[in-house]
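Taking it in order: structure first as structure tokens, then the write-up.
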Ligand code: ADP
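Residue numbers (my numbering): 17 to 562.
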């Protein structure tokens with residue numbers, strides 16, 4: 017193309033997080049926000065209240081001499097105070113570092129020091145976690161406990177203060193500063209199955225664009241008429257960006273606080289009647305089991321967004337057939353803010369039989385506009401979108417990571433693309449299916465076996481609670497699959513029963529070489545199976561038992 021482009025004549029207003037809460041206050045002032053609190057009760061207020069208090073947070077930061085770009089951490093459940101911090105801290109120009117309380121103590125110490133957090137806002141539940149590591153995080157100047165004045169605990173934390181007392185002293189008038197939209201707004205560390213966690217630094221621009229893209233029907237389908245329950249934590253990847261999406265749309269939020277078990281979730285669902293739930297498969301297993309045990313139906317729920325790990329077919333079926341709820345399978349990662357693909361309802365699904373539709377729903381979905389993806393081979397050559405060929409999944413887009421925080425490891429970045437570490441297929445309609453994490457795939461005689469597919473097939477067995485498949489060394493095939501499974505408490509099923517159950521569900525050569533029943537399985541801080549140690553433990557199992 018020759019010649020000069022004609023430059024468009026439109027404003028370049030910065031996309032800032034403060035703009036989201038201002039919009040929410042003006043447009044959706046009366047939208048309710050309901051939270052189960054650590055104090056035990058249910059708290060209610062409106063978007064207008066949240067906006068006011070986020071300005072009080074900003075005034076508090078000013079009083080604490082926080083400079084733009086400083087890191088302020090939160091260690092908290094999903095709740096209204098955490099919501100205020102999302103807007104107050106980022107809107108002020110500081111960076112909200114959401115800490116995942118499920119990280120190991122050494123990882124907590126590492127990330128707090130690596131991020132150089134100046135203050136930590138902490139829920140009552142997590143005060144002991146910080147007390148235990150206090151001597152190793154001496155750079156932190158103070159701890160602000162998210163509770164009412166009369167609930168302030170006796171604590172060994174130095175410079176611990178009560179959030180409500182501090183906020184009460186602050187004015188709710190604050191002029192949000194205007195700055196470059198590329199400024200950092202928040203950060204989250206990956207849970208890191210090997211090595212130290214890595215910091216992902218989101219910008220105002222990336223957060224706002226991600227929020228705008230994720231509200232539509234093709235993504236999370238949020239609207240002012242929606243009421244949603246984000247079980248996906250605000251301490252990991254910003255609850256999939258939903259607090260920001262709620263500010264755009266005025267959807268009602270119901271925050272579960274510390275009550276993540278089936279009974280507590282049901283109590284909240286029954287009381288608040290959300291039409292949309294969002295969370296990882298483990299949480300829904302607990303809720304579905306609870307619903308079975310009390311013989312009730314999730315009447316108000318229309319859609320359940322499931323991501324973080326693959327949604328098993330049995331779950332897709334269960335939600336539909338027992339609760340009349342559609343499971344929206346989604347895929348993403350910390351490095352992607354996190355939304356990558358969503359398997360939303362569409363017209364094509366209407367033309368399918370229920371069984372065919374379930375098969376389609378089991379795929380991780382199609383990219384939300386803004387995310388480009390491709391699969392490549394070891395030479396980084398693009399592979400066909402035929403639904404069969406699989407390769408390393410690469411992505412790029414305005415809310416995808418460009419480099420880790422204070423870390424020069426560039427091994428995940430390939431010619432402007434980010435290597436997700438996932439192995440996937442893409443079909444001719446752009447539906448992506450995760451085959452496996454590249455490090456978990458089992459290489460049997462040069463062919464690949466997906467540990468995820470095997471796990472999902474096995475967990476469909478009515479007497480198995482959880483399954484984990486790993487590769488073990490094999491004299492002839494290099495690696496063969498081992499299935500580690502947790503049985504239901506009274507179950508007496510045998511290895512043979514499980515293999516028979518699997519025999520018509522997977523290719524014969526995929527059948528595990530052994531089934532080992534275990535009492536528990538290790539998980540990462542984000543609830544994913546932690547296979548590294550298991551692989552080590554069972555590495556020689558097949559060689560030794562041959
Ligand atoms: P962590 O920080 O613990 O790695 P992430 O949330 O960033 O947590 O994990 C991202 C990874 O989780 C993805 O790369 C993918 O392997 C897996 N994942 C996420 N959603 C799905 C899904 N729907 N199906 C299968 N795997 C998924």
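For each residue, glycine too, the CB sits at the ideal point set by N, CA and C. The structure presented is a predicted model; accordingly, all values stated were derived computationally and were not measured.
Relative to ligand 1, residue 350 has its C-beta within less than 7 Å of a heavy atom.
Residue 401 sits in coil when the DSSP states are folded into three classes, being neither helix nor strand. Residue 441 is bridged by DSSP to 449. Distance from the C-beta of residue 436 to the nearest heavy atom of ligand 1 is below 7 Å. Judged by their CB atoms, residue 440 and residue 451 are nearer to each other than the 8 Å cut-off. Exclusion of residue 141 from the 7 Å shell around ligand 1 follows from its C-beta lying no nearer than that to any non-hydrogen atom of the ligand. Counting only runs that start and end inside the region 36 to 69, the beta strand (DSSP E) elements of at least 3 residues fall at 48 to 52, 58 to 62.
Using a 10 angstroms sphere on the CB of residue 405, the tally of other CB atoms stays under 16, which defines it as exposed. Residue 98 holds the alpha-carbon nearest to the alpha-carbon of residue 273 among 224, 437, 98, 85. Here the alpha carbons of residue 544 and residue 263 stand approximately 30 Å from one another. Counting only residues of its own chain and dropping the five nearest sequence neighbours on each side, residue 260 has a CB closer than 8 Å to the CB of 33, 36, 102, 223, 224, 226, 227, 254. Distances taken from the Cβ of residue 544 to the heavy atoms of ligand 1 include one shorter than 7 Å. At a cut-off of 7 Å, the beta-carbon of residue 391 does not count as near ligand 1: no heavy atom of the ligand is closer than that. Closer than 7 Å to some heavy atom of ligand 1: that describes the Cβ of residue 323. For residue 246, there is no enclosing alpha helix (DSSP H); the enclosing beta strand (DSSP E) has its first and last residue at 243 to 246. Residue 53 and residue 95 do touch by the CB rule: their CB atoms are close to 6 Å apart, below 8 Å.
Boundaries around residue 107 are those of the alpha helix (DSSP H), 96 to 108, since no beta strand (DSSP E) includes it.
Note: residue 200 is bridge-paired with 219 in the DSSP secondary-structure output.
For residue 219, the closest alpha carbon among the candidates 487, 183, 196 is that of 196. Cβ neighbours of residue 214 within its own chain (closer than 7 Å, five residues either side excluded): 205, 206, 208, 420, 423. Residue 124 and residue 117 have their C-alpha atoms spaced approximately 8 Å apart. In terms of Cβ geometry, residue 482 and residue 507 do not form a close pair [threshold 8 Å]. Note that the C-beta distance between residue 415 and residue 353 is below 8 Å. Excluding the 5 residues flanking it on each side, residue 490 has same chain C-beta neighbours closer than 6 Å at 496, 558, in chain order. Excluding five sequence positions before and after residue 454, the CB atoms of its chain that fall closer than 8 Å to its own CB belong to 408, 437, 438, 439, given in chain order. Between residue 317 and residue 291 the beta-carbon gap is near 6 Å, inside 8 Å, which marks them as a contact. Between residue 373 and residue 172, the alpha-carbon positions lie close to 55 Å from each other. Residue 378 counts as buried, since at least 16 other C-beta atoms from the protein chains shown sit within 10 angstroms of its C-beta. Exclusion of the five residues before and after residue 148 leaves no residue of its chain whose Cβ lies closer than 6 Å to its Cβ. Judged by DSSP in its simplified three-state form, residue 491 adopts coil rather than helix or strand. Secondary structure at residue 90: strand, using DSSP grouped into helix, strand and coil.
The beta carbon of residue 354 sits closer than 7 Å to at least one heavy atom of ligand 1. The region 84 to 94 makes no contact with the region 293 to 310; the number of CB pairs closer than 8 Å stays below 3. Below 8 Å, too few C-beta pairs join the region 20 to 28 and the region 243 to 250 to call them touching: fewer than three. Here the alpha carbons of residue 553 and residue 241 stand approximately 51 Å from one another.
Residue 139 and residue 163 have their C-alpha atoms spaced approximately 7 Å apart.
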